[in-house]
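A.B. asks: In this note's numbering, the protein residues as written are 1082 to 1518. From the three backbone atoms N, C-alpha and C, an ideal C-beta is built for every residue, glycine too. This structure is in structure tokens; I'll ask about it shortly.
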Ligand code: HEC
């Protein structure tokens, strides 16, 4: 420190020294805009905005805590196991900068010209632009506060001038905390003699006669796409020539599973669709393994967990058909899930890691996109492994005292699941070299 040369540098390089101070405008704002604001904006799903200097400084100590513990941004995948293109976690360097900035009493600094101007955050979406089409329930649905689970199917009819190439799709709800999961089928109804409007707008499976669902049967002949949402998930995005094509006419049948609630609440949900001009020549599909999917009865041992027990289950499924390319993996368990892992072993004996969630958290599930398509050669074995903690020490255990938990196929939130969904497509030569960042 006493080195005169250093002092000289200090005098001459005042500007450089100034540049070393971490300021909001120069360093922190760019991080927060990309890693926090996509959720922390009005209508983005987080409880408050983080768009301005004041938004941050008001909560400085709280923010320091959640970034240090990596509670925020929510990202539960083990990045040392597999890397994903939609990784939204903070780099260690970014955490250090935020912490140091808060410790230095949050200097605002001079306004700087932004290299990447702040994106505009559109209410009710996390995708970076306005949806090209929003299909949502015309009337809000009353979720009764009677502490029971509820399932309902909502019909969302649509008519377009032309079929559209889908770039991204996002489940929307004004009250996501009510929802345990949602699934939707996009059904093409080209036959104009089939009326897509006059049937009921929804069927409440918990209250009405289940045969009422039959009125939707004529719509179900052609399914174009099947997607879903689980708590924490953002959106599905398909780069380049990948995606699916929205038919000109049809209905979306959106099934929502509402968790129990103690007070009456209103819910309006729907689907945000984003179109692109690039023709979709490589359509994607969804497939599910484990509970509710392929190999459900081969989960080993038999799927139930006694009260006060910790247990690990595995499932091995062979890809019997043709070579596949995977774009996304989507692990799913319920509340007492602890750890999830999946990998494939190729016929040549190589292991390809898919995903590892070391500390499962029901509230933060995500659909993980690979940076490059992952090839699953014909004859590969896919291995799925799930560990569950049904003890009273697990704060997420819905039962107190713990009771035996099954996977009854009803998909009730108090049952368990071990499921891996994948978005995939038939393999083409060179797929593993295609970047889908
Ligand atoms: C994927 C969406 C998402 C992203 C990205 C995100 N948050 Fe959050 N954040 C939420 C939601 C939803 C909640 C409320 C639920 C909760 O607290 O668990 C929340 C809660 C918080 C809380 C309150 C925590 C508490 O215990 O009440 C803080 C502080 C916070 N976020 C800061 C941040 C910061 C800082 C970033 C970026 C570095 C960030 N968040 C990124 C969605 C997000």
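Which residue or residues does DSSP assign as beta-bridge partners of residue 1369?
C.D. replies: 1502
A.B. asks: Using the beta-carbon count (16 or more within 10 Å), is residue 1507 buried or exposed?
C.D. replies: exposed
A.B. asks: Beta carbon of residue 1203: closer than 7 Å to some heavy atom of the ligand HEC?
C.D. replies: no
A.B. asks: What does DSSP give as the partner residues of residue 1357 in its beta bridges?
C.D. replies: 1246
A.B. asks: Identify every run of the beta strand (DSSP E) within the stretch 1248-1321, keeping only runs that are complete inside it and at least 3 residues long; order them along the chain.
C.D. replies: 1260-1269, 1283-1285 and 1303-1310
A.B. asks: Is it buried or exposed, residue 1497, if we count other Cβ atoms within 10 angstroms and call 16 or more buried?
C.D. replies: So residue 1497 counts as buried.
A.B. asks: Check each candidate in 1125, 1138 and 1124 and name the one with the smallest Cα separation from residue 1110.
C.D. replies: Selection 1125, 1138 and 1124 evaluated against residue 1110 yields 1138 as nearest (Cα-Cα).
A.B. asks: Output the distance between the C-alpha atoms of residue 1254 and residue 1351, rounded to the nearest integer angstrom.
C.D. replies: 6 Å
A.B. asks: Where does residue 1143 land, buried or exposed, given buried means 16+ other C-beta within 10 angstroms?
C.D. replies: exposed
A.B. asks: Suppose contacts are defined by Cβ-Cβ distances below 8 Å. Is residue 1441 in contact with residue 1418 by that definition?
C.D. replies: Yes, Cβ-Cβ distance for residue 1441 and residue 1418 is below 8 Å.
A.B. asks: At a cut-off of 7 Å, would you count residue 1143 as near the ligand HEC, judging by its Cβ distance to the nearest heavy atom?
C.D. replies: yes
A.B. asks: Is the separation between the beta-carbon of residue 1420 and that of residue 1468 shorter than 8 Å?
C.D. replies: yes
A.B. asks: Taking 8 Å as the cut-off, decide whether the C-beta atoms of residue 1105 and residue 1188 are in contact.
C.D. replies: yes
A.B. asks: Reducing DSSP to helix, strand and coil, say where residue 1364 ends up.
C.D. replies: strand
A.B. asks: In terms of residue numbering, what span does the beta strand (DSSP E) encompassing residue 1325 cover?
C.D. replies: Residues 1323-1327.
A.B. asks: For residue 1315, verify whether its CB is less than 7 Å away from any heavy atom of the ligand HEC.
C.D. replies: yes
A.B. asks: Can you check whether the CB of residue 1321 is closer than 8 Å to the CB of residue 1402?
C.D. replies: no
A.B. asks: Just confirm the distance between the C-beta atoms of residue 1328 and residue 1305, as a whole number of angstroms; I'd bet it's less than 8 Å.
C.D. replies: 6 Å
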